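Here is the structure we will look at, set down as structure tokens.
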Amino acid sequence: MRILVTGGAGFIGSHLIDRLMKQGHEVLCLDNFYTGHKRNLLEWLDHPYFELIRHDITEPIRLEVDQIYHLACPASPVHYQYNPVKTIKTNVTGTLNMLGLAKRVKARFLLASTSEVYGDPSVHPQPEDYRGNVNCIGIRSCYDEGKRVAETLAFDYYRQNHVDIRVARIFNTYGPRMLENDGRVVSNFIVQALRGIPLTVYGDGSQTRSFCYVSDLVEGLMRLMNGEYIGPINIGNPGEYTILELAKTIQEMVNPETELVFKPLPQDDPKQRQPDITRAKTWLGWEPTIPLKEGLKWTIEDFQARMEGQNLNL
Ligand code: NAD
Ligand code: UDP
Numbered sequence: 017m018r019i020l021v022t023g024g025a026g027f028i029g030s031h032l033i034d035r036l037m038k039q040g041h042e043v044l045c046l047d048n049f050y051t052g053h054k055r056n057l058l059e060w061l062d063h064p065y066f067e068l069i070r071h072d073i074t075e076p077i078r079l080e081v082d083q084i085y086h087l088a089c090p091a092s093p094v095h096y097q098y099n100p101v102k103t104i105k106t107n108v109t110g111t112l113n114m115l116g117l118a119k120r121v122k123a124r125f126l127l128a129s130t131s132e133v134y135g136d137p138s139v140h141p142q143p144e145d146y147r148g149n150v151n152c153i154g155i156r157s158c159y160d161e162g163k164r165v166a167e168t169l170a171f172d173y174y175r176q177n178h179v180d181i182r183v184a185r186i187f188n189t190y191g192p193r194m195l196e197n198d199g200r201v202v203s204n205f206i207v208q209a210l211r212g213i214p215l216t217v218y219g220d221g222s223q224t225r226s227f228c229y230v231s232d233l234v235e236g237l238m239r240l241m242n243g244e245y246i247g248p249i250n251i252g253n254p255g256e257y258t259i260l261e262l263a264k265t266i267q268e269m270v271n272p273e274t275e276l277v278f279k280p281l282p283q284d285d286p287k288q289r290q291p292d293i294t295r296a297k298t299w300l301g302w303e304p305t306i307p308l309k310e311g312l313k314w315t316i317e318d319f320q321a322r323m324e325g326q327n328l329n330l
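Adding 16 to a residue's 1-based position in the sequence shown gives its number in my numbering.
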């Protein structure tokens, strides 16, 4: 098949492309390199079945493809809050453009949505029919509300134009190739521990998250794309940890000498998050397989190798 991956030079997109290329598909990657990098795709740059196109999805584009994995959008609060208006444009105009493309060429379209559509949830764990508790004027809204509109667009194109959609709600994902300056909790703690500087726990660290290793996540996305269930469907690891527990685990694994420092909790930071994955188990026969400590070990090794390569003061 000819498969388009938007945001394919980013963290999740590049792992997805690895899998698609290994299956023998022809893959087109669209990326504006805001948070993505060519180095994530080095293995494929000269491959005859791979094409990398520098393109901003807020502009229309004409391509012929069979499937579209729509991942383009910065995912870390630091990056999506840097230019919030652009984040909204990417989620709204960008998703509109990609749905228009899917409609024109009759391609199946998978939206990478997010657990952020549940906001600061008052139902725990979160099932897909929970409608969320989202602030529409806060600093996270450009992303949370942007993704909610992206989901609305997908379902309206499905109802109105019969576009063959799939909607995945992705929960916190981690693994090799996360950016060092990403600002997300796993990358921050690992980089800090490797540098021997204090791990920055926001608030008292009692807020919870559930962390899914990237290979498990990619498997879930591919099963959703190639199955019959349109979603929305939670894809995440139900193993729930407080941020303090995560800090202590990484501290122990990397450098028990490093300290923890407590910093103010950012505005609208969700207090708890855990996916209910009953639908994913039922419809996709999917559940995560990689335990946190194992995934962290591979992620730490990747950061260590990259930091040594870049000679960052370890
Ligand atoms: P990432 O920032 O590593 O990747 C996003 C990619 O999109 C980057 O390569 C970036 O350059 C590209 N991009 C951004 N705006 C673009 C634009 N206007 N035009 C073209 N390309 C653009 O993030 P990620 O962690 O790989 O996330 C991928 C997708 O998964 C995102 O849609 C994100 O919202 C979703 N998601 C991720 C997580 C997570 O924990 N990583 C959780 C929930 C949802
Ligand atoms: N966090 C933290 N220290 C950091 C970065 C993040 O304590 O250096 C906290 C953050 O406040 C949140 C959790 O870790 O409660 C997850 O943050 P992340 O940005 O990774 O993802 P999100 O909040 O979008 O789930």
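Don't be surprised by glycine CBs; every beta carbon is placed ideally from N, CA and C. Keep in mind that this is a model prediction, so the values were computed, not measured.
- It is roughly 22 Å from the alpha-carbon of N56 to the alpha-carbon of F227.
- Here N48 carries a coil assignment [DSSP, helix/strand/coil].
- The secondary-structure analysis by DSSP pairs S129 across a beta bridge with R185.
- In this structure I259 does not touch G212 by the C-beta definition: roughly 20 Å separates them, more than the 8 Å allowed.
- For G252, the secondary structure class from DSSP, reduced to helix, strand or coil, is coil.
- With the rule of 3 Cβ pairs closer than 8 Å, the segment 231 to 247 does not count as touching the segment 271 to 287.
- When beta bridges are read from the DSSP output, I84 appears opposite L20, F125.
- Residue pairing by DSSP places S157 in no beta bridge whatsoever.
- Residue environment: A321 is assigned as exposed (fewer than 16 neighbouring CB atoms within 10 Å of its CB, all protein chains considered).
- Distances between the C-beta of L281 and the heavy atoms of the ligand UDP include at least one below 7 Å.
- A direct Cα-Cα distance of roughly 20 Å separates V94 from A209.
- In the three-state reduction of the DSSP assignment, V217 falls in the strand class, which pools E and B.
- Looking at the DSSP output, L276 sits in a beta bridge with L215.
- Across the structure, K264 and P137 are spaced so that their CA atoms are roughly 25 Å apart.
- If you ignore the 5 residues before and after E67, its C-beta comes within less than 6 Å of the C-beta of L44, all in its own chain and listed in chain order.
- Residue range 66 to 70 is occupied by the beta strand (DSSP E) that includes L68.
- The beta carbon of G29 lies closer than 6 Å to those of V21, G23, L87 in the same chain, with the five residues before and after it left out.
- Here T305 is exposed. Its C-beta has fewer than 16 other C-beta atoms within 10 Å.
- S226: member of the beta strand (DSSP E) spanning 224 to 226, first to last residue.
- When C-beta atoms of the segment 113 to 125 are compared with those of the segment 174 to 193, three or more pairs fall below 8 Å, so the two segments count as touching.
- Nearest to T111 by alpha-carbon distance, out of R175, G311, T168, N250, is T168.
- For a cut-off of 8 Å, the C-beta gap from R156 to D284 is around 5 Å, short enough to register as a contact.
- DSSP places M269 inside the alpha helix (DSSP H), whose first and last residues are 259 to 270.
- Between the alpha carbons of Q142 and W60 lies a gap of roughly 37 Å.
- The DSSP-derived three-state label of G135 is strand.
- The beta carbon of I246 sits closer than 6 Å to the beta carbons of I181, R182 from its chain, once the five residues preceding and following it are set aside; these are given in chain order.
- At least one heavy atom of the ligand NAD falls within 7 Å of the beta-carbon of C89.
- Here G191 is buried, its C-beta having at least 16 other C-beta atoms within 10 Å.
- Taking the CA atoms as reference points, R70 sits about 18 Å from H31.
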